[in-house]
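Structure, as structure tokens:
2 protein chains.
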Amino acid sequence: MKFATLPDGTPDGRLHLISRDLRRAEPAQGVQTLQALLEDWDALAPGLQAQSDALNADPKRGAAFDPLAADAPLPRAWQWLDGSAYEAHATLMAKVFNIAGMSSERPLMYQGMSHRFLAPGADVPLPSEEDGIDFEGEFGVICDAVPMGTDAAAARGHIRLVVQINDRSLRTVAPIEMRTGFGWIQAKPACSMAPVAVTPDELGEAWRDARVDLPLAVDWNGRRFGTAEGYPMLFGFDQLIAHAARTRDLVAGTIIGSGTVSNEDFRTVGSSCIAERRGIEMLDDGVARTPYMAFGDRVRMECRLRDGSPLFGAIDQRVVQRR
Amino acid sequence: MKFATLPDGTPDGRLHLISRDLRRAEPAQGVQTLQALLEDWDALAPGLQAQSDALNADPKRGAAFDPLAADAPLPRAWQWLDGSAYEAHATLMAKVFNIAGMSSERPLMYQGMSHRFLAPGADVPLPSEEDGIDFEGEFGVICDAVPMGTDAAAARGHIRLVVQINDRSLRTVAPIEMRTGFGWIQAKPACSMAPVAVTPDELGEAWRDARVDLPLAVDWNGRRFGTAEGYPMLFGFDQLIAHAARTRDLVAGTIIGSGTVSNEDFRTVGSSCIAERRGIEMLDDGVARTPYMAFGDRVRMECRLRDGSPLFGAIDQRVVQRR
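Written out as structure tokens, the structure is:
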């Protein structure tokens with residue numbers, strides 16, 4: 001199943017089923033919002049699956065779907081826990097910024113702002129270019145309720161949806177906040193989400209070991225910036241969920257992020273965030289030449305199936321000066 | 324006004340007005356939940372103020388209020404940002420654990436789990452005593468919607484309620500998570516809240532410089548552990564809000580915490596968390612003798628007005644082994 005949320009004047013919007021080709025939408029039957037669906041997945045999913053099958057079978061069903069008019073699939077969530085599971089990214093950042101690298105013992109994870117995920121086409125208001133505005137292309141999963149103590153094997157059954165996220169970072173502020181050990185507040189403003197959340201089966205064989213085995217294409221101002229592969233996470237989403245649930249219940253609708261998608265051959269595939277390219281420049285030439293984003297800059301991120309068919313739709317948005 | 328939320332089978336419970344002496348409760352008129360009130364404070368507050376005045380004027384109004392049967396005033400929140408604003412605590416922890424101390428430039432703050440605040444009398448299930456279970460007595464404020472870029476002066480007007488919180492910490496895990504720079508996930512399970520949230524005017528002169536100028540009494544298994552004063556925050560709640568709002572809008576119902584209440588004369592007034600007492604023991608004797616909490620241990624926290632009259636009610640709860 002593929003889901004999108006269309007704005008209807010309420011904070012949670014109106015849940016829609018989306019055709020596999022992302023061309024058509026119709027209101028989900030029997031449930032108003034994605035949050036409500038996640039709170040009662042087992043009871044509601046069979047009816048929605050039947051509706052989804054009918055939508056895909058009959059090209060006359062549904063209304064035209066405009067992905068960039070959609071809101072985030074989950075416009076607000078009770079909890080957003082973002083991992084940093086790509087070792088290539090962590091190792092590079094550790095080398096460049098002289099910070100701790102990744103441990104194979106415990107995933108890296110922080111709790112971020114969840115009360116608003118920006119729409120995939122919405123302008124992103126921020127206070128200052130001096131903060132070092134960066135994008136971070138990543139994947140995420142959305143869970144139903146996960147009890148405290150759930151292990152990684154059991155966690156897989158709680159992964160209901162896969163999403164694509166731009167987890168923005170303010171790079172000038174980030175190291176100052178990291179040094180406190182408290183994690184990020186100012187350095188992590190609202191994230192954005194691609195328009196369509198999909199059940200893992202929509203990925204086919206590309207949903208593998210609780211990872212997204214697909215490339216994420218990132219374009220900055222119309223130029224290709226990276227196409228890193230999603231698979232090489234040191235910890236799968238199942239392990240990230242188990243880590244998060246060790247001392248807390250995870251509420252239905254908890255979103256778990258992969259961290260910036262990154263591969264060891266970053267010189268070939270490029271990067272999913274500017275900081276990584278700057279890190280490579282510092283390693284190669286001793287100086288970072290690529291600037292962070294300027295107001296008016298646009299970033300586009302899209303992950304498709306390997307046959308080119310659409311999956312999550314695209315994030316495509318500008319950063320702008322907050323008024 | 325004083326507010327409590329009584330369980331009614333819904334996640335947000337039923338908002339009640341509470342008499343000043345915390346003896347009587349009646350359902351809030353015109354609004355069902357505290358979250359709904361915070362989303363429309365200016366429109367709803369005048370009617371509730373009239374109802375509150377009538378409740379306080381007529382001792383026959385309302386039903387008996389049992390504080391320990393109440394839920395947290397805000398049983399779930401979209402955002403919980405906890406500061407660490409007491410310099411005495413930060414300086415001691417920095418000395419003992421060889422971590423960075425407090426800067427007078429920027430408040431310390433992390434984003435914590437907000438999808439469940441435990442009821443003041445509820446048992447607290449946790450997985451293991453080996454995690455170093457600690458309590459942390461603190462104050463908090465609940466805001467209405469705060470736009471990005473709000474400064475400290477304007478932030479004061481967004482402080483709608485004052486609350487009392489037990490922000491539990493798992494001390495064995497905490498330093499491991501701090502070293503990553505990502506902040507705490509496993510080390511910060513669900514917090515608890517005292518039963519009654521009050522408007523700042525209920526504190527009278529004890530609401531001073533956006534701080535709670537009152538002592539917080541903490542008892543561990545029936546023995547007094549600390550009575551530290553709430554006033555000596557290096558940053559007031561107004562400054563904490565402005566810090567949090569620099570790069571994000573704060574959603575209505577955002578809770579901002581003070582961090583563990585702590586005073587420079589901790590040898591006289593005691594502490595609001597075990598880690599601080601252990602730190603003092605390490606400084607004095609080179610070894611921490613006080614253990615962390617065992618399952619079955621009880622902690623009680625209450626802040627009253629200086630004339631002894633009740634304010635937030637008490638947190639009084641046991642930690643228990645998760646089943």
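Order-wise, the sequence lines are chains W and S.
Start counting the first sequence at 1; every next residue gets the next number (our numbering).
Start counting the second sequence at 324; every next residue gets the next number (our numbering).
Note that the Cβ used here is the ideal one computed from N, Cα and C, for glycine as well.
If you follow the beta strand (DSSP E) that residue i is part of, which residue opens it and which one closes it?
i      : result
W:K2   : K2 to L6
S:H339 : R337 to I341
S:E604 : Segment I597 to D608 is the alpha helix (DSSP H) holding S:E604; no beta strand (DSSP E) there.
S:Q487 : I482 to N489
S:M624 : R621 to E625
S:I465 : G460 to C466
S:Q434 : M432 to G435
W:A194 : It is not in any beta strand (DSSP E) - W:A194 carries neither H nor E in the DSSP assignment.
S:E528 : It is not in any beta strand (DSSP E) - S:E528 carries neither H nor E in the DSSP assignment.
S:M552 : Rather than Met, the amino acid found at residue 552 of chain S in this sequence is Glu. R546 to E552 is the extent of the beta strand (DSSP E) around S:E552.
S:E349 : R347 to P350
S:L449 : V447 to L449
W:I256 : I255 to G257
Buried or exposed, going by whether 16 or more other CB atoms sit within 10 Å of the CB of residue i?
i      : result
W:P67  : buried
W:D284 : exposed
W:R224 : exposed
S:S427 : exposed
W:K60  : exposed
W:Q35  : buried
S:D561 : buried
S:E528 : exposed
W:T10  : exposed
S:P448 : buried
S:D630 : exposed
S:D524 : exposed
S:D381 : exposed
S:P476 : What sits at residue 476 of chain S in the sequence shown is Ala, not Pro. By the 10 Å Cβ count, S:A476 comes out exposed.
Tell me which residue opens and which closes the alpha helix (DSSP H) that residue i is part of.
i      : result
W:L37  : L34 to E39
S:T503 : A497 to T503
W:V319 : No alpha helix (DSSP H) holds W:V319; the beta strand (DSSP E) holding it covers A314 to Q321.
W:D82  : Unbroken run through W:D82 is the beta strand (DSSP E), W80 to G83; no alpha helix (DSSP H).
S:R590 : F589 to V592
S:L539 : Run containing S:L539: none in the alpha helix (DSSP H); it sits in the beta strand (DSSP E), P538 to W543.
S:I564 : F560 to A567
W:M93  : E87 to F97
Nearest to residue i by alpha carbon, out of the options?
i      : options                           : result
S:R483 : S:R612, S:M616 and S:D363         : S:D363
W:I176 : S:A497, S:Q509 and S:F505         : S:F505
W:P73  : W:A94, W:G47, W:D8 and W:A100     : W:D8
W:S272 : W:F237, W:D167 and W:D238         : W:D167
W:V162 : W:Y292, W:A210, W:S309 and W:K95  : W:A210
W:A4   : W:G226, W:A197, W:R24 and W:M293  : W:A197
S:V419 : S:T591, S:A611 and S:P523         : S:A611
S:A575 : S:P350, S:D365 and S:M605         : S:D365
W:R278 : W:V269, W:R76, W:G204 and W:T290  : W:T290
W:S84  : W:A100, W:P107, W:F65 and W:A69   : W:P107
W:A63  : W:P147, W:R156, W:D151 and W:D21  : W:D21
S:C466 : S:G480, S:L340, S:M324 and S:A510 : S:G480
W:Q321 : W:M293, W:T172, W:P215 and W:T268 : W:M293
S:E587 : S:A392, S:L415 and S:F458         : S:L415
W:A155 : W:R23, W:I241, W:L55 and W:E26    : W:I241
S:T473 : S:H566, S:E604 and S:V642         : S:H566
W:D53  : W:A69, W:L17 and W:A119           : W:L17
S:F589 : S:M605, S:G559 and S:G549         : S:G549
S:L360 : S:R337, S:S585, S:I597 and S:P518 : S:R337
W:A145 : S:N421, S:R347 and S:R439         : S:R439
W:P195 : W:D71, W:E26 and W:M102           : W:D71
S:L441 : S:R347, S:R399 and S:L378         : S:R399
So is the beta-carbon of residue i under 8 Å away from any non-hydrogen atom of the ligand MG?
i      : result
W:R246 : This structure lacks the ligand MG; in fact it carries no ligand of any kind.
Give a yes or no on whether the minimum CB-CB distance between residue i and chain B is below 9 Å.
i      : result
S:S437 : The structure shown has no chain B; the protein chains it does contain are W and S.
Does the segment 500-520 of chain S come within contact of the segment 423-440 of chain S, defined as at least 3 CB pairs closer than 8 Å?
-> yes
Can we say the segment 570-581 of chain S touches the segment 401-411 of chain S, given the rule of at least three CB pairs closer than 8 Å?
-> yes
Would you say the segment 227-247 of chain W touches the segment 81-100 of chain W, given that touching needs at least three Cβ pairs under 8 Å?
-> yes
At least 3 beta-carbon pairs within less than 8 Å: the segment 525-543 of chain S vs the segment 618-626 of chain S = yes
Taking any Cβ of chain W, which residues in the segment 376-410 of chain S have a Cβ under 7 Å from it, in chain order?
-> R399, W401, Q402 and L404
Near-chain W residues of the segment 440-470 of chain S - C-beta to any C-beta below 8 Å | P448, L449, P450 and D454
Is the segment 456-472 of chain S in contact with the segment 622-641 of chain S, if contact means three or more CB pairs nearer than 8 Å?
-> yes
Just by C-beta distance, which residues in the segment 511-532 of chain S are closer than 7 Å to chain W?
-> P512 and A513
For the segment 346-358 of chain S and the segment 306-323 of chain W, state whether three or more C-beta atom pairs, one from each stretch, are separated by less than 8 Å.
-> no
Segment contact, 8 Å Cβ cut-off, at least three pairs: the segment 446-454 of chain S with the segment 237-257 of chain W = yes
Check each residue of the segment 292-307 of chain W: if its Cβ is closer than 9 Å to any Cβ of chain S, include it; give the result in chain order.
-> none
Give the residues from the segment 544-556 of chain S that approach chain W closer than 7 Å (Cβ to any Cβ), ordered along the chain.
-> none
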